[in-house]
Every structure is written in structure tokens, then in C-alpha cells.
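Protein chains in written order, with this note's numbering: chain A, 1 to 330; chain B, 1001 to 1335.
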Amino acid sequence: MEPLIRIDDLKTRFHTEDGVVKAVNGVSYAMGPGEVLGVVGESGCGKSVHALSIMRLIQIPPGEIESGEIWFGGQDLLKLSDKDMREIRGKDIAMVFQDPMSSLNPVFTVGYQIMEALMLHKDLNQKAAKDRAAELLSLVGIPEPTKRLDNYPHQFSGGMRQRAMIAMALSCDPKLLIADEPTTALDVTIQAQIISLVVKLQQELGMAVMWITHDLGIVAEMVHKINVMYAGFIIERGNVTDIFKQNRHPYTKGLLGSLPRIDEAPGTKLVSIPGLPPDLCHLPEGCPFYARCTFREDRCKFERPLLEQADHPDHLVACWRWKEIVAEGA
Amino acid sequence: MNNIDNQPLFQIKNLKKYFPVHQGLIFSRHVKDVKAVDDISFDIIKGETLGLVGETGCGKTTVGRTILQLYRPTSGKILFEDTDLALLQENDLCRIRSRMQMIFQDPYASLNPRMTVGSIISAPLDVHTSLTKKEKQDRVQELLRIVGLNPDFVNRYPHEFSGGQRQRIGIARALAVSPDLVICDEPISSLDVSIQAQVVNLLEELQSQLGLTYLFIAHDLSMVRHISDRMVVMYLGKIMELADRNTIYLRPYHPYTRALMSAVPIPDPDIASRRERIILKGDIPSPLNPPQGCNFNTRCPIATELCFQSEPEYREIEPNHFVACHYAEPPMNEK
């Protein structure tokens, strides 16, 4: 199957006073149409920056997309002019951000902000755009949508704002929806509402979804594939069951071990990963996880492992010792 | 954590904390109250970790702050060793405050950027003890060692540390005066997953070494269940349910607790696909205009006429299991 989007060796860095921050360090993968991909990792692992690079929303300078290709619809997004990119952004690829308050403009009504994209990308007139906007609000489960169109963002609650953001993102029937931690600022009961909404819409509309999060619990129930990122690298990639049941990278194991589970009898100690993620200005020469890894050996310090096939062609892992770790039964 | 002798350290009785709302600029008048904490009662048992959970705006942080008398309660009693803290004057309070300390949510905002780590940690010692300079220095170094930081860090400033390390400094400061009760107000919510586990493990070790009692306030239910002995579930200023951590997860009686527990994601695709979620409709009502009757009636899946008319009584339905619901009953699978 022809992939919807293919990313090849994407490298993004930022020039700061403290040096060059290497935020994304050679990320390559492809997503099929209708696929739901989870991108997980801790803060500073490059998960958001890589998504912003796809959207071409990195501010240049200080940012710089050093190299790479992003193939979408037969063209390399990184080579498009700003004008052509604007045609794609919001239309074919849409994004929902983490903080719904700061990503909605407080001085325009919610209705106006949804209609804006419709009038720009779909050439609708004001009347048609308004009807469509009301339809979208009711699609994302906001009661009395026609009345709500005239509200300003501050009149919406946090969960409703995020619903409005999703309505806005869906307004032009995107082929790919990038959701960057859309539920992090919300309470669990509202988070459950938003997740079930996105799952429902994804199935109805058949779009591909990239869900970026630090919460492995969320991705467990909704995605097909997972990229685990660390220090700007994908260190493991596979199907949901690969990552949760047959994970091969010590970092993935550590991340799962440090999560308490509500359905497990408490009393066991959490397995924490010692130390801190590396400084992205001074990336270690070898494996980025070397300093915190309990399975490390000398080779890991000097040679950087590349993604290689683990148990089957869809399961990739970047670790020199994964086979030995399996053999040790760890 | 395991040597609970059921001796209450704190008894909170009918605690209320209202924040007045004023209207008008010159002739300002008191129009109504935000009922942040509305008539709640519970005990904190010596040596336990009591988890306090609830969604944004449910009043959990206000409870913590009111116990410490950082907010003076509107009414109600906070009994600590037969002393009602609510009645104490500032001078007496100051003395008793060394026995209860707090760990704050934001490790960036809660440490003064112009003070060295040494002076941050010794600040409570300056106020509450008459130790000599040398003794204080030794105590600070000991505290740094206890929380897993290098004792040579005393002369560094907060900006030189990562979030997790700063939270350790905050913990060292809270422990400086050997308190009985430590109120942990979302101590891990601003940290990364792998660092959260480090801090939670540290809190657990310290508890067993020093015999601390924790009131652990958080919205991450999995983590609270992991660390707590008993859990309190709050909603709009009221306690919905209180029980030990297993009962509250396995046999919740309140429909809100049931929905809350089912909304927590489980990092296991097999279980996640099998389990049924109770998705609550709508949002939390404003605490300025709480609904009549039961607070939860606007979102409750089983609300009836009765719930809109009268407020359910907060009662002990089984030994050590408190619930406030007209239709409190064991979960479906037990009937």
C-alpha cells in the first residue's frame, strides 16, 4: 500500500545561545492512510518538534530543518514554497495542540475561527461556512451548536475548547490529523470524552491520526503503531502489542516499569529509570540512552545503534544488545 | 506505611472554606460565595498515606491549605492532638507549623531563585529551631543525602538543577524540621514519567524510615492508588467516597468514583480493549453555582428526582467505607 506520508532522515535543530540543540536526529518512518500512530516519549524527546517540522511550523531562525524529506501526496513538503505549504496545512494535514486556551484567539468568536479555514480552503461563502461550522460543532458533541458559534473562547470550558479545536482541525476533511498532547491539560473524565470522540471520528471519517503523548496508557487503547522516541531518535517502533508485550529496548521497558497501573494490586515498587535524559546540545557519541541504561557495555558508549528489525519486519529497535537481553530473559 | 495503629493524627470535622465574591467597585458588597470546601469530615491516621483525588476545581488543594491554616477555615474543626488549629492565634500556630509541612506542585516556582540550596533548606531551621550555624550545616548536608542529592550542592542555586532534583530539594526543605504530617500537593504532576517514579519511590522510602504521615493530593489516580493506603474522592467541594485503596478501585459504591476509575487509561492493549468505560457527559459545574441536591446530579448516569431535591448524607456504609450517594450500592458484578 502506498504510504500517506513518508518521512526520511528528518533532522531539526535550534541555534541558541547555549549552542546547537539537536532536537530531532534522523527520524524515518511511513504512515499508511487511515493508520493511527502513537508517538510517545518524555519531554524534550523531539516528539512535538518532529510534528511541527512536518507542518513546517518551526520558526526559522532559531530553528532549522537541517536535512530530510517529507513525502506527502507526491511532493516533498520541505521543498514547497510557503504559499503552497499553506494550501496543505489545515487542509490535508491538520493539527490539534496541547493547550486549547492559548491556541484559540481570544478576540474572535469560536464560530469565526472555524469558518476562517472553511472560507479559505473550501471557497465557501459566509452563510455556507456558518452552517458547516455548526455541523462540525455538533459532530464533536457541543450542545446548541448554532448558539455556541457566537461565543468567545473564554465562554467555553477546557474540554469544550479542545472539542472546538478538533472541529476546526476536521473542518476541511484532513487526510492526516496530528494531535499533540491534546488531553494533557484536561481532567481524566474529560480526557476519556475526547479520546472516545477522536476514535469515533477516525473510524467514521477514515483519516490517519498521529497522537503525540507522554502517557502510554492513552495510546494502548487507541493506536495501531507506536514510535518510542528518546533524545530525538526513534529508539523502538512496532505494533501496539510489540511495544507493550514484546518490547525490546531497555528504555521502553523502563518507561513501562515506571508507570503505576490502576488495575494492579499496589505494593510493588516502581522501577524507575536512574538519571536524566541527555543534554541535546551535547549528545553522546554512542547510544543516547547509554548513561541511564542498565544493560550497557563499552560498545554502546562509542557506536550509535541504528534501527534494525527485531522480531518481525514491522518491529524495529535501536539497541546493540537487544538479542542478548532477550536471551537473558530480562 | 504498614504500621498503622489507627490512631488519628488529624481529625477534620465539618470543614468549610468559602471564598467570598464581591461586586461593585466603591460600594463593594458580598454577593455570594465560592464553596471550595463544603462540609467535609475525615481523619488522617498516623503513619498512613491518605490520597486525595478529584478533578480540577474540586477543592483538593484548598483542603490541604486549610489543614495547614494557610487559609483560615470558614467553619469546622481541625483537631491535631486535641488542639483545634482553627482556633489558634498566629503565634501558637507558628510553633505548631513545624510539625506539618508541605511539598508544592511546581518545583520551579516554589524555590527562591536567589537563594542557595543550603539557605533554602535551612530556612525552616532558622524559624523553628535554635541550632548553631555548624549544626544547621550538618543537618542540611544530612538532608541532602537523605533525598539522594550530593551534599556538596549546598552552595548551588535552583536553576542548576533539573525538575526532579528541585523536587528533591523541596522534599528536603519539608523534612528539615522533622514534621509529623507532610502535605504533598501534586508533587509529581510537573515531572516526566521516569522521574515521577524516582520521586515516588523516594517518598515511600522516607515514609518508612522516618514514620511520616502523608496527605497526597493528586489527579493521577494510578499514582495515588499506588502510594496511598486510603483514598478520598472529592467532587465540587464535597467528599463523594472514602475507602481503602483496594475497595475504592475494586468495589466503588459511588457512580462518580466508578466513572473516574474507568476513565483512567491502562497501559495494556488487551485490557484496554476489553474493559468498558463509563463516559460522563458534560463538564464540572461552576463551584459558584453548584447544583441543587446532590452535587453530581448534572453528570450522574443514575440520577433520579430525589437527587435533584435532597442532598445525600455522607455516611459510613460499611466499616471504614464512607460514601455520599442516595443510591450507593456495590458494583454490578456483586449483585
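Beta carbons are placed, not taken as given, at the ideal position from N, Cα and C, and that holds for glycine.
**Message:** Using a 10 Å radius around the Cβ and a threshold of 16 neighbouring Cβ atoms, would you call K1335/B buried or exposed?
**Reply:** As a working note, residue 1335/B is residue 335 in the second sequence. Caution is warranted here: a pLDDT of 46 is assigned to K1335/B, below 50, making its placement in the model unreliable, and no coordinate value can be reported.
**Asked** So, P266/A versus H1226/B, is the Cβ gap smaller than 8 Å?
**Response** Here the question's residue 266/A lines up with position 266 in the first sequence. Here the question's residue 1226/B lines up with position 226 in the second sequence. Taking 8 Å as the Cβ cut-off, P266/A and H1226/B qualify as a contacting pair.
**Asked** Counting Cβ pairs closer than 8 Å, one from the stretch 9 to 21 of chain A and one from the stretch 143 to 160 of chain A, do we hit at least three?
**Response** no
**Prompt:** Are the C-beta atoms of I1248/B and some chain A residue less than 8 Å apart?
**Reply:** Taking the first residue of the second sequence as position 1, residue 1248/B is located at position 248. I1248/B does not count as touching chain A.
**Asked** Which of helix, strand or coil does DSSP assign to R1230/B?
**Response** In the second sequence, residue 1230/B corresponds to position 230, counting from 1. Looking at R1230/B - three-state DSSP - the assignment turns out to be strand.
**Asked** Between the stretch 240 to 259 of chain A and chain B, which residues of the former have CB atoms less than 7 Å from a CB of the latter, in chain order?
**Response** V240, T241, F244, G254, L255, L256, S258 and L259
**Asked** Using DSSP with H/G/I as helix, E/B as strand and the rest coil, what is P1008/B?
**Response** Against the second sequence, residue 1008/B aligns to sequence position 8. If DSSP states are grouped into helix, strand and coil, P1008/B belongs with the strands.
**Prompt:** Can you tell which of R1095/B, Q1105/B and P1113/B has its C-alpha closest to the C-alpha of L1125/B?
**Reply:** Translated into positions along the second sequence, residue 1125/B becomes position 125. That would be R1095/B, whose Cα lies nearest to the Cα of L1125/B.
**Option in V1053/B, S1310/B and F1027/B with minimal Cα separation from Y1249/B** = Translated into the one-based positions of the second sequence, residue 1249/B becomes position 249. It is V1053/B.
**DSSP beta-bridge partners of K333/A** = This structure gives no information on residue 333/A, because the portion of chain A shown stretches from 1 to 330.
**Prompt:** Which one of Q1069/B, N1006/B, Q1198/B and N1155/B has the shortest CA to CA distance from R1115/B?
**Reply:** For the purposes of this step, residue 1115/B is identified with residue 115 of the second sequence, where counting begins at 1. Strictly speaking, residue 1115/B in this sequence is Met, with Arg absent from that position. With distances taken between Cα atoms, M1115/B lies closest to N1155/B.
**Item:** Beta carbon of V24/A nearer than 8 Å to that of S43/A
**Value:** Looking up residue 24/A in the first sequence gives position 24. Looking up residue 43/A in the first sequence gives position 43. It is not a contact, given that the beta carbons lie outside the stated cut-off.
**Message:** Rounding to the nearest angstrom, what Cα-Cα distance links I1188/B and T1049/B in this structure?
**Reply:** For the purposes of this step, residue 1188/B is taken as residue 188 along the second sequence, with counting starting at 1. For the purposes of this step, residue 1049/B is taken as residue 49 along the second sequence, with counting starting at 1. Distance between the alpha carbons of I1188/B and T1049/B is about 15 Å.
**Partner residues on chain B for T184/A, Cβ-Cβ distance less than 9 Å** = Residue mapping note: residue 184/A aligns to position 184 of the first sequence, counting from 1. Neighbours of T184/A on chain B: none; closest Cβ ~10 Å, over 9 Å.
**Prompt:** Within the 8 Å Cβ cut-off, does Q1209/B reach chain A?
**Reply:** Position 209 of the second sequence holds residue 1209/B. No, Q1209/B does not count as interfacial toward chain A.
**Asked** On the three-state DSSP scale, how would you describe A1272/B?
**Response** As a first step, residue 1272/B must be located in the second sequence, where it is residue number 272. In this structure, A1272/B counts as helix in the three-state DSSP scheme.
**Message:** Suppose only complete runs of 4+ residues qualify. What are the alpha helix (DSSP H) ranges in the stretch 1192 to 1263 of chain B, listed by chain order?
**Reply:** 1193 to 1210, 1221 to 1227, 1245 to 1250 and 1255 to 1263
**Asked** Shorter than 8 Å from the beta carbon of Q1196/B to some beta carbon of chain A?
**Response** As a first step, residue 1196/B must be located in the second sequence, where it is residue number 196. By this cut-off, Q1196/B is an interface position.
**Asked** Just the Cα atoms here: how many angstroms apart are Y1256/B and F1296/B?
**Response** As a working note, residue 1256/B is residue 256 in the second sequence. As a working note, residue 1296/B is residue 296 in the second sequence. So the two alpha carbons sit approximately 8 Å from each other.
**Message:** Could you check whether D1268/B and F233/A sit closer than 8 Å to each other, using their CB atoms as the reference points?
**Reply:** One-based indexing of the first sequence puts residue 233/A at position 233. One-based indexing of the second sequence puts residue 1268/B at position 268. Not in contact: F233/A and D1268/B (Cβ atoms no closer than 8 Å).
**Message:** Please identify the residue among S1273/B, I1271/B, M1234/B and D1270/B whose C-alpha is closest to the C-alpha of R1258/B.
**Reply:** Indexing the second sequence from 1 puts residue 1258/B at position 258. Ranking the options by Cα distance to R1258/B, first place goes to M1234/B.
**Item:** Given L283/A as reference, the closest of E17/A, I5/A and V21/A once Cα atoms are compared
**Value:** Translated into the one-based positions of the first sequence, residue 283/A becomes position 283. Taking only the C-alpha atoms, the option nearest L283/A is V21/A.
**Message:** Distance cutoff 8 Å, beta carbons only. Does R163/A sit that close to anything in chain B?
**Reply:** Here residue 163/A refers to the residue found at position 163 of the first sequence. Cβ-Cβ to chain B under 8 Å: no for R163/A.
**Asked** Helix or strand or just coil, what does DSSP make of K175/A?
**Response** Position 175 of the first sequence, counting from 1, holds the residue named residue 175/A. Here K175/A sits in coil by DSSP.
**Prompt:** With DSSP run on the structure shown, which of helix, strand or coil describes N105/A?
**Reply:** Start at 1 with the first residue of the first sequence, and residue 105/A comes out as number 105. N105/A: coil per DSSP, three-state reduction.
**Request:** Name, please, each residue of chain B whose Cβ falls closer than 8 Å to the Cβ of A94/A.
**Result:** Taking the first sequence and counting its residues from 1, one reaches residue 94/A at position 94. The contacting residues do not exist; A94/A stays about 24 Å from chain B at best.
**Asked** In terms of alpha-carbon separation, which member of T1056/B, I1040/B and P1319/B lies closest to A185/A?
**Response** Within the first sequence, the letter at position 185 stands for residue 185/A. Measuring from the Cα of A185/A, the nearest candidate turns out to be T1056/B.
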